[in-house]
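Peer 1: I am attaching a structure below and will ask some questions about it afterwards.
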Amino acid sequence: MAWVVAAHAAQPARYDGDRVVRVEVADEAQLETILNLTDDVWSHEFGAPGEIEVRLSPAQFAALEGLGLSYEVMIEDVQAAIDEQLTPAGRGTFDQFLRLSQVRDHMAALAAGRPDLAQRINIGPSLQNRPLEVLRITGPGDSSQRPLVWLQGCQHAREWITVMVTLYLADRLVNTYDSDPGVRALLDRAVVCVIPVVNPDGYEYSWNAARLHRKNMRNNGNGTLGVDLNRNWSVAWGLSNGSSGDPGSETYRGPAPFSEPETTAVRNYLATQSRVAAFLDIHSFSQLILWPWAHQTRRSPDNERQAEIWYDVCREIVDELGAYYIANQGNQGLYPAAGTAVDWGYGTYNVPAATFELRDRGDFGFLVPPTQIQPNCEEIWPGVLRLLSETTQPLRLRPMPVAPAFAAPNSTLELTVRIRSARAGLSVGSVQLAYRTDNGQPAVVPMSPGGCVDCWTATIPSGPCGTTLGLSVSATRSDGAVAHWPDRAFQPELQVPVRSATIVSLADFNTSNGGFAVSGANSAGRWVRGTPQATFTATGQAEPSGGYPLGSGGACWVTGVSTTTDPEQSDIDGPPTEIVSTLYNIAGLSDPVVQFPYWLYSDGNEVLAAVSFGTPPNPKPLPALPALGRWAVAQFRVRDWVPTGDIARFGFFVSGYLPGTVTEAAIDDFALLDLSCPPLPGDMNCDGFVTVSDIGGFVLALTDPAQYAVVYPSCELARGDVNGDGFVTVADIGVFVGLLTMR
Ligand code: 0X9
Ligand code: ZN
1 MAWVVAAHAA QPARYDGDRV VRVEVADEAQ LETILNLTDD VWSHEFGAPG
51 EIEVRLSPAQ FAALEGLGLS YEVMIEDVQA AIDEQLTPAG RGTFDQFLRL
101 SQVRDHMAAL AAGRPDLAQR INIGPSLQNR PLEVLRITGP GDSSQRPLVW
151 LQGCQHAREW ITVMVTLYLA DRLVNTYDSD PGVRALLDRA VVCVIPVVNP
201 DGYEYSWNAA RLHRKNMRNN GNGTLGVDLN RNWSVAWGLS NGSSGDPGSE
251 TYRGPAPFSE PETTAVRNYL ATQSRVAAFL DIHSFSQLIL WPWAHQTRRS
301 PDNERQAEIW YDVCREIVDE LGAYYIANQG NQGLYPAAGT AVDWGYGTYN
351 VPAATFELRD RGDFGFLVPP TQIQPNCEEI WPGVLRLLSE TTQPLRLRPM
401 PVAPAFAAPN STLELTVRIR SARAGLSVGS VQLAYRTDNG QPAVVPMSPG
451 GCVDCWTATI PSGPCGTTLG LSVSATRSDG AVAHWPDRAF QPELQVPVRS
501 ATIVSLADFN TSNGGFAVSG ANSAGRWVRG TPQATFTATG QAEPSGGYPL
551 GSGGACWVTG VSTTTDPEQS DIDGPPTEIV STLYNIAGLS DPVVQFPYWL
601 YSDGNEVLAA VSFGTPPNPK PLPALPALGR WAVAQFRVRD WVPTGDIARF
651 GFFVSGYLPG TVTEAAIDDF ALLDLSCPPL PGDMNCDGFV TVSDIGGFVL
701 ALTDPAQYAV VYPSCELARG DVNGDGFVTV ADIGVFVGLL TMR
């Protein structure tokens with residue numbers, strides 16, 4: 001390998017004429033041939049048949065050409081791309097890649113500028129005796145008991161963008177504390193520790209000697225250099241499926257867990273902290289969010305919780321092209337990796353943990369140009385805020401199954417929230433729902449246990465059409481800890497429009513597929529349209545007894561119709577099975593909502609995830625739907641998910657890997673609704689009420705309809721037809737006066 005030699009040379013290794021090539025391989029033999037050609041593999045997912053991205057020297061490239069495989073050149077000249085990386089895109093801090101010394105200077109400046117918020121801590125040294133510097137960021141006061149979120153970048157030397165994004169997160173937290181009340185509230189209750197460069201020796205080496213160096217700088221004694229720090233952590237360390245015992249390998253795990261000072265320093269520092277609340281390990285590239293386990297396909301016992309949080313984080317992160325990152329359990333989203341930081345963070349602290357893979361999707365790979373630094377920083381920021389919000393409250397509150405998208409006018413709204421806490425201690429009266437109409441005075445009602453496990457529920461009046469209900473829940477644990485939903489740091493209340501819903505389209509799946517089609521390779525338990533056949537496990541009902549509503553529901557989409565009473569017989573076993581809708585045109589709708597009853601049963605922490613697509617191929621993940629083991633109705637306000645564009649597409653994904661567990665899902669009565677308020681007779685100025693302020697409009701409607709249209713451009717003249725005879729005439733006066741005096 002060129003860079004091993006370069007370690008001892010004065011000049012940096014050069015990659016003139018090297019290419020990064022995406023090769024199509026039809027079988028294992030062809031894959032093997034490519035892997036024998038080079039061990040610098042750039043792609044994160046590869047297998048045969050499929051594609052693999054590799055870096056090839058001119059000689060290796062010539063050899064490839066001799067093989068007759070089809071390929072696509074991603075980077076024409078690796079050295080030119082490297083040179084491009086060194087050309088700043090502008091004069092700002094985040095318009096260029098910073099050297100280690102500049103990163104340290106910037107951290108020092110942040111700490112010096114705001115000693116009340118940021119503290120620089122050396123948790124090192126590294127193997128070559130460089131300080132491992134952490135910025136510990138938190139609001140004034142005693143922070144020793146605050147939940148701590150760990151953000152680390154650059155375990156892998158060549159992943160330069162991770163240094164910049166991680167530094168940016170620290171910078172923005174410190175610099176917006178004064179101006180952003182959300183950031184202030186967060187930092188007043190939590191500690192954020194940021195370490196932009198876990199592998200400073202390797203990072204320096206990638207600047208000085210070998211741009212594409214990955215590992216640390218351990219001299220392995222046999223002429224090879226470096227341990228892969230992300231295979232050196234203790235959880236699942238040493239597995240040969242996902243790490244290597246060969247010192248020459250790019251995934252060499254080292255001689256023992258925590259053999260390296262860099263991983264050891266992180267472990268030792270966190271061991272001194274009272275409450276680790278989340279762990280984020282930032283890498284590049286591929287635009288992925290991967291939660292544990294990385295080392296095995298088997299879901300972790302907390303898979304549902306991890307999925308909930310990381311889908312939420314993922315939804316906040318949208319790149320310039322409008323594309324979302326993809327969130328997945330690590331081993332399914334990528335190859336297996338053993339001894340990783342993410343598995344250690346989760347395995348040790350039992351908290352939300354993830355590997356981020358930042359930009360890009362493979363055009364430049366590790367060599368993303370400086371013009372992408374700033375956008376990458378900005379797109380990650382809201383995701384990290386969301387992570388901080390969800391992991392630093394003492395209790396986790398979540399609407400069930402999802403937040404209501406609307407409330408029917410002059411009716412009632414039932415709200416259910418699930419509240420989970422590390423400790424018990426919620427009693428009746430300790431959970432309260434505050435609600436108000438528009439900006440009126442809030443009323444407070446106690447919520448009572450019910451609806452689902454750990455759930456609390458309350459029913460409130462909705463109010464007149466056209467108004468907005470503001471909802472918020474507070475829960476006080478017996479030890480005094482208080483948590484709010486929504487998180488007060490960001491949003492004082494959930495805004496629910498009070499509107500009438502009209503059905504734009506409804507697919508009941510009784511006689512047709514309703515525009516949905518199956519895709520994906522799953523064999524057992526694939527989606528199928530049919531009439532479910534109840535099955536039961538020891539803990540609940542796996543497959544529903546029929547479509548929704550029970551009794552007269554007919555057929556629906558279900559993940560395999562059982563033909564026996566064995567719950568294992570037609571459940572999902574394997575990778576996700578997927579149904580995707582036809583395209584829906586939502587252009588003319590004022591406030592589209594999708595609504596569907598779903599069934600999800602799991603005894604193995606599986607989740608049902610739905611995605612909506614704007615204009616394909618930019619899927620935005622919807623919240624993970626909770627597995628309730630019964631029919632429940634979910635609604636989504638489409639404009640929350642597809643903010644612009646006329647075309648939407650919806651999909652349902654569900655998977656069930658865990659051996660010996662049962663996972664079943666069903667979808668029925670998929671409806672597209674539109675929200676509006678029918679015109680209120682006599683409400684001539686469209687303020688939602690009939691009052692004396694409507695008299696002017698009413699008179700105008702009678703005497704000068706054309707002028708009425710000018711003065712009230714968004715109101716309908718027909719509102720003046722209060723007697724309902726189809727015309728606005730003097731015959732309406734009596735009824736109008738009656739409406740006024742009634743109020
Ligand atoms: O292999 C790694 O260490 C990470 N990818 S990278 O290209 N940045 O090296 C991924 C670690 C997490 N892996 C899985 N979840 N499978
Ligand atoms: Zn990496």
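Per our numbering, the very first residue in the sequence shown carries number 1; after that it's consecutive.
Quick reminder that beta carbons are idealized off the backbone N, C-alpha and C, glycines included.
As the structure is a prediction and not an experimental result, all values here were calculated from the model.
Answer yes or no: do residue 744 and residue 278 have a C-beta to C-beta separation smaller than 7 Å?
Peer 2: This structure gives no information on residue 744, because the portion of the chain shown stretches from 1 to 743.
Peer 1: Rounding to the nearest angstrom, what Cα-Cα distance links residue 436 and residue 577 in this structure?
Peer 2: Within the sequence shown, the letter at position 436 stands for residue 436. Within the sequence shown, the letter at position 577 stands for residue 577. Cα to Cα, the separation comes out at about 42 Å.
Peer 1: On the three-state DSSP scale, how would you describe residue 359?
Peer 2: Locating residue 359 in the sequence shown gives position 359, where the first residue counts as 1. Coil, per DSSP.
Peer 1: Spell out a yes or no on whether the region 367-378 and the region 86-97 are touching, meaning 3 or more CB-CB pairs, one atom from each, closer than 8 Å.
Peer 2: Output reads yes: the region 86-97 touches the region 367-378.
Peer 1: With a cut-off of 8 Å, do at least 3 Cβ pairs link the region 468-475 to the region 162-176?
Peer 2: Judged by Cβ distances under 8 Å, the region 468-475 makes no contact with the region 162-176, as fewer than three pairs qualify.
Peer 1: Using the three-state DSSP reduction, which class does residue 14 fall into: helix, strand or coil?
Peer 2: The residue given as residue 14 occupies position 14 in the sequence shown. The answer is coil: DSSP assigns residue 14 none of H, G, I, E or B.
Peer 1: Hey, which residues come within less than 7 Å of the ligand ZN, measuring from Cβ to any heavy atom, in chain order?
Peer 2: Residues with a Cβ closer than 7 Å to any heavy atom of the ligand ZN, in chain order: 155, 156, 159, 230, 283 and 284.
Peer 1: Could you tell me which residues DSSP puts in a beta bridge with residue 450?
Peer 2: Start at 1 with the first residue of the sequence shown, and residue 450 comes out as number 450. In DSSP, residue 450 forms no bridge with anything.
Peer 1: Please give me, in chain order, every unbroken run of the alpha helix (DSSP H) with length at least 4 that falls completely inside the region 601-666.
Peer 2: As far as the region 601-666 is concerned, its whole alpha helix (DSSP H) runs of at least 4 residues are 638-641.
Peer 1: Apply the 10 Å Cβ neighbour rule to residue 687 and answer buried if 16 or more other Cβ atoms are within range, or exposed otherwise.
Peer 2: Locating residue 687 in the sequence shown gives position 687, counting from the first residue. Classification for residue 687: exposed.
Peer 1: Per DSSP, what kind of secondary structure is residue 477 in: helix, strand or coil?
Peer 2: Sequence index remark: in the sequence shown, residue 477 carries index 477 (1-based). Coil.
Peer 1: Indicate the three-state DSSP secondary structure (helix, strand or coil) for residue 715 in the structure shown.
Peer 2: For the purposes of this step, residue 715 is identified with residue 715 of the sequence shown, where counting begins at 1. Of the three classes helix, strand and coil, the one that applies to residue 715 here is coil, per DSSP.
Peer 1: Would you call the region 411-421 and the region 380-395 touching, i.e. three or more CB-CB distances under 8 Å?
Peer 2: Touching, per the Cβ criterion.
Peer 1: Under the criterion of a Cβ to heavy atom distance below 6 Å, does residue 744 qualify as lining the ligand 0X9?
Peer 2: Nothing can be reported for residue 744: it is not among the residues displayed for the chain, which extend from 1 to 743.
Peer 1: Where does residue 312 land, buried or exposed, given buried means 16+ other C-beta within 10 angstroms?
Peer 2: Mapped onto the sequence shown, residue 312 falls at position 312. Classification of residue 312: buried, given that the 10 Å Cβ count is 16 or more.
Peer 1: I'd like the ranges of any beta strand (DSSP E) spanning at least 3 consecutive residues and lying wholly in the region 158-227.
Peer 2: List check, beta strand (DSSP E) in window: 191-195.
Peer 1: How should residue 61 be labelled, buried or exposed, when 16 other C-beta atoms within 10 angstroms of its C-beta is the threshold for buried?
Peer 2: Translated into the one-based positions of the sequence shown, residue 61 becomes position 61. The residue is buried, with at least 16 neighbouring Cβ atoms inside 10 Å.
Peer 1: Quick check: the region 402-413 against the region 495-504, are at least 3 beta-carbon pairs closer than 8 Å?
Peer 2: In short, these stretches touch, since the Cβ pair count reaches three.
Peer 1: List in chain order: all unbroken beta strand (DSSP E) runs of 3+ residues lying wholly within the region 661-703.
Peer 2: Qualifying beta strand (DSSP E) stretches, in chain order: 663-667 and 670-676.
Peer 1: Would residue 530 and residue 561 be called neighbours here (beta carbons separated by less than 7 Å)?
Peer 2: If you number the sequence shown from 1, residue 530 lands on position 530. If you number the sequence shown from 1, residue 561 lands on position 561. It is a contact, given that the beta carbons lie within the stated cut-off.
Peer 1: Would you say the beta carbon of residue 665 is closer than 6 Å to some non-hydrogen atom of the ligand 0X9?
Peer 2: As a first step, residue 665 must be located in the sequence shown, where it is residue number 665. No - the ligand 0X9 has no heavy atom lying nearer than 6 Å to the Cβ of residue 665.
Peer 1: Quick check: is any heavy atom of the ligand 0X9 less than 6 Å from the C-beta of residue 162?
Peer 2: Counting from one through the sequence shown, the residue named residue 162 turns up at place 162. Result no, Cβ not under 6 Å from the ligand 0X9.
Peer 1: Given a cut-off of 7 Å, decide if residue 166 and residue 194 are closer than it, judged by their beta-carbon atoms.
Peer 2: For the purposes of this step, residue 194 is taken as the residue at position 194 of the sequence shown. For the purposes of this step, residue 166 is taken as the residue at position 166 of the sequence shown. Yes. Within cutoff.
Peer 1: Using 6 Å as the cut-off, classify the Cβ of residue 238 as near or not near the heavy atoms of the ligand 0X9, replying yes or no.
Peer 2: By 1-based counting over the sequence shown, the position of residue 238 is 238. Every heavy atom of the ligand 0X9 is 6 Å or more from the Cβ of residue 238, so no.
Peer 1: Candidates 50, 84, 78 and 218: which alpha carbon is nearest residue 127's?
Peer 2: Here residue 127 refers to the residue found at position 127 of the sequence shown. The residue with the shortest Cα to Cα distance from residue 127 is 218.
Peer 1: Going by Cα to Cα distance, which pick from 379, 304 and 294 is closest to residue 606?
Peer 2: The residue labelled residue 606 in the question sits at position 606 within the sequence shown. Checked all of 379, 304 and 294; the closest Cα to residue 606 is 304.
Peer 1: Between residue 564 and the ligand 0X9, is the CB less than 6 Å from at least one heavy atom?
Peer 2: Along the sequence shown, read from residue 1 onward, the residue named residue 564 stands at position 564. No, the Cβ of residue 564 stays beyond 6 Å of every heavy atom of the ligand 0X9.
Peer 1: Please classify residue 147: does DSSP put it in a helix, a strand, or coil?
Peer 2: In the sequence shown, residue 147 corresponds to position 147, counting from 1. Of the three classes helix, strand and coil, the one that applies to residue 147 here is coil, per DSSP.
Peer 1: What three-state label does DSSP hand residue 557 in the structure shown?
Peer 2: Mapped onto the sequence shown, residue 557 falls at position 557. DSSP places residue 557 in strand when its eight states are reduced to three.
Peer 1: Would you mind listing the beta strand (DSSP E) stretches within the region 42-67 that are 3+ residues and don't spill past its ends, in chain order?
Peer 2: With a minimum length of 3 residues, the continuous beta strand (DSSP E) runs that stay inside the region 42-67 are 50-56.
Peer 1: Helix, strand or coil for residue 366 per DSSP?
Peer 2: As a working note, residue 366 is residue 366 in the sequence shown. Three-state result, residue 366: helix.
Peer 1: Taking the CB atoms as reference points, tell me whether residue 294 and residue 331 lie closer together than 7 Å.
Peer 2: The residue labelled residue 294 in the question sits at position 294 within the sequence shown. The residue labelled residue 331 in the question sits at position 331 within the sequence shown. Yes, these two residues count as a Cβ contact at 7 Å.
Peer 1: DSSP state of residue 35, grouped into three classes?
Peer 2: Here the question's residue 35 lines up with position 35 in the sequence shown. In the structure shown, residue 35 sits in a helix (DSSP, three-state: H, G or I).
Peer 1: Output the distance between the C-alpha atoms of residue 133 and residue 98, rounded to the nearest integer angstrom.
Peer 2: The count along the sequence shown starts at 1 and reaches residue 133 at position 133. The count along the sequence shown starts at 1 and reaches residue 98 at position 98. Roughly 15 Å between the two C-alpha positions.
Peer 1: How about residue 574 and residue 601: are their beta carbons less than 7 Å apart?
Peer 2: As a working mapping, residue 574 is identified with position 574 in the sequence shown. As a working mapping, residue 601 is identified with position 601 in the sequence shown. Cβ atoms of residue 574 and residue 601: not closer than 7 Å.
Peer 1: Checking the sheet assignment: what are the DSSP bridge partners for residue 471?
Peer 2: Indexing the sequence shown from 1 puts residue 471 at position 471. Answer by DSSP bridge pairing, in chain order: 435 and 494.
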